[in-house]
Amino acid sequence: MKRYVYIIGIFFISNLFYKITPTKTTYWTSISYPDIRGKSYKKCAQQLPDNSLLYICDPDHILNATELSQINAGLEKLAIGTPCPCQRRSQCSSGDDKGSPFHGFVVSVAILNNIEMNIHSPSEEQLTNKAESFSKTLSGRWALGDCGNSVIVFVWKHYKKVIIWPARLAEKYITVNERKALLSKVNHYIQNDQWGEALKQITKELHVELTGEPEDRVDTGTLSLLIAVGVALALTVLITCCVCAFRCCGNLPMDEDAKSLSRIESFRAQFPLEFAVNLQNLSGHLQGMFQ
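Position 167, counted from 1, in the sequence shown is what UniProt numbering calls 167; the numbers after and before it change by one each time, with no gaps.
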């Protein structure tokens, strides 16, 4: 009897120790993180959707199965419900048998617990830079949009960091200020680790923004090119005018140059002589007056 009690006691203590001992944390890099459309996509979810594509990757199982399914359904609805912003409709083809054959904007979620870092106490700026770099690399790896029509929502649970990373075309529909306002709106969910609610709200807000019209903005690259061309044209005109003026003024006939020079020398010689004669005449008149 004592033996059974002893065994049960050991089992109870071992089980208790297992529960209170933290599990090993995976520190992800932008390369080791699963590819939502690649061979490692099965790591993104414990339960994969049957009739739709996967738009969310949660390898650390931060969300429960219900939350992940609901968020994925919202992301699929966004992809189907937004217009194709590409020049060719073929660029909006999903290329998969699951779900709708066409989509507009593709918003995907990458959520993880922690990232591999060499800094022990990173500043807020360093965290932001790291998260943005991770999102940028992931956007290139996943390549979900053919014309810059993709958006990645990156969630860094350990530091409660969320980044909305739009591709080139999508950035015209969801600007920096709009992204800041959106994240501010769901910040209370983020701070309380309510990631399911935060992502549902972000998905709804992005659906509204990406359905609207793009914001008119001047392309800085095009503007710089126009300025450079304008300056080059102005310099060309100025140099041409200077050359023409030099040639027109410098190519006078030799005889005209000689005549001009002779006139100047004659004037310079004549002026002192006339001045001396006039001075002599004035002196003579003064002497006559006083005699």
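We put the CB at the ideal spot given by N, CA and C, even for glycine.
Since the model is a prediction, treat every value here as computed from it, not as a measurement.
Whole-Å CB distance - residue i paired with residue j, under 8 Å assumed
i              : j              : result
residue 294    : alanine 170    : Since the displayed the chain opens at 1 and closes at 291, residue 294 lies outside it and no answer follows.
valine 162     : isoleucine 119 : The Cβ separation is near 20 Å, so there is no contact.
lysine 136     : tryptophan 156 : Not confirmed; about 14 Å, so no contact.
asparagine 114 : histidine 158  : 4 Å
leucine 138    : alanine 110    : 6 Å
serine 93      : leucine 144    : That pair is no contact at about 12 Å.
threonine 203  : isoleucine 80  : That belief does not hold up - the Cβ atoms of threonine 203 and isoleucine 80 are roughly 13 Å apart, past 8 Å.
proline 214    : lysine 160     : Contact flag wrong, Cβ pair sits at about 31 Å.
Residue i in three-state terms, based on DSSP
i                 : result
leucine 53        : coil
asparagine 64     : coil
asparagine 72     : helix
phenylalanine 105 : coil
residue 292       : There is simply no residue 292 to check, as the chain begins at 1 and stops at 291 in what is shown.
tyrosine 41       : helix
serine 93         : strand
Cα-Cα separation between residue i and residue j, rounded to whole angstroms
i             : j                 : result
threonine 211 : leucine 182       : 16 Å
residue 342   : arginine 89       : Outside the shown range of the chain (1 to 291) lies residue 342, about which nothing can therefore be said.
tyrosine 55   : glutamine 194     : 19 Å
serine 32     : threonine 236     : 54 Å
cysteine 84   : threonine 25      : 40 Å
threonine 29  : isoleucine 239    : 56 Å
serine 150    : asparagine 192    : 28 Å
glutamate 209 : alanine 198       : 17 Å
lysine 200    : glycine 74        : 7 Å
leucine 112   : leucine 233       : 54 Å
threonine 66  : proline 49        : 11 Å
lysine 180    : phenylalanine 134 : 19 Å
arginine 141  : cysteine 147      : 15 Å
proline 59    : valine 153        : 15 Å
residue 294   : alanine 45        : Lying outside 1 to 291, the shown extent of the chain, residue 294 is not represented and no answer is given.
threonine 175 : serine 52         : 29 Å
glutamate 116 : lysine 43         : 18 Å
threonine 187 : glutamate 178     : With the sequence shown as reference, residue 187 is identified as asparagine, and threonine is not the correct amino acid for it. Approximately 14 Å between the Cα atoms of the pair.
Touching by the beta-carbon criterion (3+ pairs, under 8 Å), the region 30–40 and the region 122–131: no
Continuous alpha helix (DSSP H) assignments of at least 4 residues falling wholly in the region 140–204: For secondary structure counted as the alpha helix (DSSP H) over 4 or more consecutive residues, the region 140–204 holds these complete runs in sequence order: 176–185 and 187–191.
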